[in-house]
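A.B. asks:
Protein chains in written order, with the working numbering: chain A, 1039 to 1481; chain B, 3 to 314.
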């Protein structure tokens, strides 16, 4: 009896121990019918999620050696949190989609295999086929660590019917900050609904800053050397906050919180006439609305030329804990996603724009652009972008925190706090986070 | 046999003590052996993580859980100086203040009225305890739909009767109240069942004799029901306070800690610090502070409040 008992205890303990260590040589995972299995984590729900499933299905049908399993993991933030738990082990998926601001973090995470190694070893694939502005964002010291996948920028959507109701010309959307303010007032007077809104998401602040040529961080946005200073409290940032503040005080600005779906619902329910959203929402907005939807460039402060936008969206990263053969299979799929034709279908189904200029010549995409002229705004906006450190976008390892800090500042602004103080505090908080991150990285 | 007994009686006191100690030691190890599975499981899943958290709270830890350098008390000092942490402590206490008394009072009220013997009462008992069967995630999602900024039921009602819409979840002044209302609703079921059970345990004879003595409804309520219910009330209050300090799911689903950290309750703040920002050191320090806080509150309750509890 006693023996049996200690045996049971021993078994329990060893199960724990095994669970605690494990992970030796990664094995090539196979499907039941003998294909190499590539797991692909993505953060695309709704329409884009369906488009990914279609893309993966057509890849799986196009050949019989590799099977890609696409798994939706929630928002970008949630996906990254999941990845942190398994990163660097064989439990990790083969491919992960990470948002653009996770680039620096991922490159330093120790979870990933730089894609450049595979690109160098592949004669068929050349990065020259990719859009220059997109490469500008994702190349770090000339190396491509991940494959741009879904690229977007921020544009303004507006309700043409509400414009007409307010006596505004629906073909002349506002282009400057003060025009937006005037239009909002008129729209609000005529309809009683909010004239303008932005989603409380740090990305829009970054875009509005870059469009003025403003830097987020010192050292060329952290691209020439590791940044240690936040510049968001300069005059460019101040202009954005003042602009939002004035509309908020005038009661023409809507606040629909931090959730993408909420602000889109508000737009569809005609609770707001103009708002900023990612180009990824184009298809959904145009098809989901009972009214005529217009798209416009991101506004700039008066008397200023728009400098263009930062490439947003996400890229595909390959993990390093998996078997080499799986990595090769994963690279094959990644190459497939970058194919101009695949990109054309993807862009047409979502509103993201293709990463290779060749895709624009594709018939599928041309038809869609003809049917939905709203799509072309973002393409024009991207192509009008001058590549500078400001529009290349900032690099730092604590971007999610920085965004959260800016979001908190915007929320406090809406509660009537002083814009300059908020920005100064936000800049100081971001610098503190950078310092903590560097300390943690052992720098 | 008798020889042996005789021999034992002949033994000097010192060796008899030794024998006793030996026996006690043997008993101890046998007991330990029987408790081993429980100890192993609790130790692995409770004590080990707890000590690891304590250990982490004194180190700079990277996002993969490796300790980088010894930090002494600097994680705690960082929290002491952090305005975000202060905001989140304040929100946590306010949240407890909003939810605990209200939950207990409302569920007590519901329990008292459904303790009457009236036709159809089982229906109400089931209805009032039904939130017990709703998971945090599902419950919070229901409220998310009700509180939606543009198409929510509440805002549509307000707009319908000519009031301005309220930023239930998007305004710093309302968000904590909205989260509290959701929490109160979710906790009602559990508290209701426990309190109703307590009420049913009170002997009917007490009420009969009280009525014979001419006591009215309120006298019965305050002289019999409440005092005899006090052990249950005490239990419910301890559990509700601990729960309120550990609330997480509804915050995650409804507000994500915002707007401007107004609903960044401490457990959510720990989660964000550790799993979103990857600062396990300061997150562990926060967890230790939460542990200390709950421990102190519970000790206080047992030391001072329990004295007023009337056990039969």
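Backbone N, C-alpha and C define an ideal beta-carbon position, used for all residues, glycine too.
Does the beta carbon of residue 238 of chain B come closer than 9 Å to any beta carbon on chain A?
C.D. replies: No, residue 238 of chain B does not count as interfacial toward chain A.
A.B. asks: From the DSSP output, read off the bridge partner residues of residue 1107 of chain A.
C.D. replies: Paired residue(s): A:1077.
A.B. asks: Evaluate contact between the region 1101–1118 of chain A and the region 1132–1141 of chain A, counting only Cβ atoms and requiring at least three cross-stretch pairs below 8 Å.
C.D. replies: Judged by Cβ distances under 8 Å, the region 1101–1118 of chain A makes contact with the region 1132–1141 of chain A, as three or more pairs qualify.
A.B. asks: Looking at the structure shown, is residue 200 of chain B part of a helix, part of a strand, or coil, going by DSSP?
C.D. replies: The answer is helix: DSSP assigns residue 200 of chain B an H, G or I state.
A.B. asks: Residues of chain A with CB closer than 8 Å to the CB of residue 279 of chain B, please, in chain order.
C.D. replies: Near residue 279 of chain B (Cβ distances below 8 Å), the residues of chain A are 1436, 1438, 1439, 1471.
A.B. asks: Tell me which residues of the region 51–72 of chain B have at least one Cβ-Cβ distance to chain A shorter than 9 Å, keeping chain order.
C.D. replies: Within the region 51–72 of chain B, the residues whose Cβ lies closer than 9 Å to some Cβ of chain A are 62, 63, 64, 65, 66, 70, 71, listed in chain order.
A.B. asks: Verify the CB distance criterion: does residue 1445 of chain A have a CB-CB separation below 9 Å to chain B?
C.D. replies: Yes, residue 1445 of chain A lies at the interface with chain B (some Cβ there is under 9 Å from its Cβ).
A.B. asks: Any residues in the region 1285–1303 of chain A with a beta carbon nearer than 9 Å to a beta carbon of chain B? Which ones, in chain order?
C.D. replies: So the list reads 1292, 1293, 1294, 1295, 1296, 1297, 1300, 1301, 1303, given in the order they occur along the chain.
A.B. asks: Work out the CA separation of residue 37 of chain B and residue 154 of chain B for me, nearest whole Å.
C.D. replies: Computed Cα separation, rounded: 53 Å.
A.B. asks: Mind checking if residue 197 of chain B is an interface residue toward chain A, Cβ cutoff 9 Å exclusive?
C.D. replies: Chain A contact via Cβ: absent.
A.B. asks: Quick one: what does DSSP say residue 1345 of chain A is sitting in, helix, strand or coil?
C.D. replies: Residue 1345 of chain A: coil per DSSP, three-state reduction.
A.B. asks: Residue 1266 of chain A and residue 1473 of chain A: beta carbons closer than 9 Å?
C.D. replies: Yes, the pair counts as a contact, with Cβ atoms nearer than the cut-off.
A.B. asks: Name the DSSP bridge partner or partners of residue 1235 of chain A?
C.D. replies: Note: residue 1235 of chain A sits in a beta bridge opposite A:1313.
A.B. asks: Threshold first: 4 residues or longer. Then list the alpha helix (DSSP H) segments lying entirely within the region 55–124 of chain B, N to C.
C.D. replies: As far as the region 55–124 of chain B is concerned, its whole alpha helix (DSSP H) runs of at least 4 residues are 76–83, 85–116.
A.B. asks: Using 10 angstroms around the beta-carbon of residue 313 of chain B, count the other beta-carbons present and answer buried if the total reaches 16, otherwise exposed.
C.D. replies: Result: exposed.
A.B. asks: What are the residues of the region 242–275 of chain B that lie near chain A, defined by any Cβ-Cβ distance shorter than 7 Å?
C.D. replies: Cβ contacts with chain A come from 258, 260, 261, 262, 263.
A.B. asks: Determine whether the Cβ of residue 153 of chain B lies closer than 9 Å to any Cβ atom of chain A.
C.D. replies: True, the Cβ-Cβ gap to chain A drops below 9 Å.
A.B. asks: Hey, could you find the ends of the alpha helix (DSSP H) residue 1265 of chain A is sitting in?
C.D. replies: Here residue 1265 of chain A belongs to no alpha helix (DSSP H), and DSSP marks it neither H nor E.
A.B. asks: Would residue 1093 of chain A and residue 1355 of chain A be called neighbours here (beta carbons separated by less than 9 Å)?
C.D. replies: For residue 1093 of chain A and residue 1355 of chain A, no; Cβs fall outside 9 Å.
A.B. asks: So, at 8 Å on beta carbons, what are the nonlocal neighbours of residue 1086 of chain A in its own chain, with the 5 sequence-adjacent residues on each side left out?
C.D. replies: Cβ neighbours of residue 1086 of chain A beyond the five flanking positions: 1188, 1318, 1387, 1388, 1390.
A.B. asks: Can you name, in chain order, every residue of its own chain whose Cβ lies under 7 Å from the Cβ of residue 1342 of chain A, other than the five neighbours on each side?
C.D. replies: Only 1250 meet the Cβ criterion.
A.B. asks: Could you check if residue 288 of chain B is buried or exposed, using at least 16 other CB atoms within 10 Å of its CB as the buried criterion?
C.D. replies: Burial call: buried.
A.B. asks: Does residue 1059 of chain A come within less than 9 Å of chain B when only Cβ atoms are used?
C.D. replies: Because residue 1059 of chain A carries a pLDDT of 48, less than 50, the predicted location of this residue cannot be relied on, and no value is offered for it.
A.B. asks: Say whether chain A places a C-beta atom closer than 9 Å to the C-beta of residue 14 of chain B.
C.D. replies: Closer than 9 Å: no.
A.B. asks: Hey, quick one: how far does the alpha helix (DSSP H) through residue 1525 of chain A stretch, first residue to last?
C.D. replies: No answer is possible for residue 1525 of chain A: it lies beyond the span of chain A, which begins at 1039 and ends at 1481.
A.B. asks: Please check the pair residue 1197 of chain A and residue 1304 of chain A, which I expect to be a contact at CB under 8 Å, by giving their CB distance rounded to whole angstroms.
C.D. replies: The Cβ separation is near 11 Å, so there is no contact.
A.B. asks: Classify residue 1133 of chain A as helix, strand or coil using the three-state DSSP reduction.
C.D. replies: It is a strand residue.
A.B. asks: Would you give the residue range spanned by the beta strand (DSSP E) that residue 1193 of chain A belongs to?
C.D. replies: 1192–1197 is the span of the beta strand (DSSP E), which, as asked, contains residue 1193 of chain A.
A.B. asks: Whole angstroms is fine: what's the gap from residue 217 of chain B's alpha carbon to residue 114 of chain B's?
C.D. replies: Each residue's alpha carbon lies about 17 Å from the other.
A.B. asks: CA-CA distance, residue 117 of chain B and residue 199 of chain B?
C.D. replies: In a straight line, the C-alpha of residue 117 of chain B is about 9 Å away from that of residue 199 of chain B.
A.B. asks: Assuming the contact rule is C-beta atoms closer than 8 Å, residue 1255 of chain A and residue 1268 of chain A should be a hit. Round their C-beta distance to whole Å, please.
C.D. replies: Sure, about 6 Å apart at Cβ, within 8 Å.
A.B. asks: Give the DSSP-derived three-state secondary structure of residue 263 of chain B in the structure shown.
C.D. replies: Correct three-state label for residue 263 of chain B: coil.
A.B. asks: Consider the Cβ of residue 172 of chain B: report whether some Cβ of chain A lies at a distance smaller than 9 Å.
C.D. replies: Chain A contact via Cβ: present.
A.B. asks: In chain A, which residues lie less than 8 Å from residue 150 of chain B when you measure between Cβ atoms?
C.D. replies: The answer, in chain order, is 1300, 1303.
A.B. asks: Would you mind sorting residue 41 of chain B into buried or exposed? The rule is 16 or more other CB atoms within 10 Å of its CB.
C.D. replies: It counts as exposed.
A.B. asks: Can you list the residues of chain A that residue 169 of chain B reaches, using a CB-CB cut of under 7 Å?
C.D. replies: Within chain A, the residues near residue 169 of chain B are 1293.
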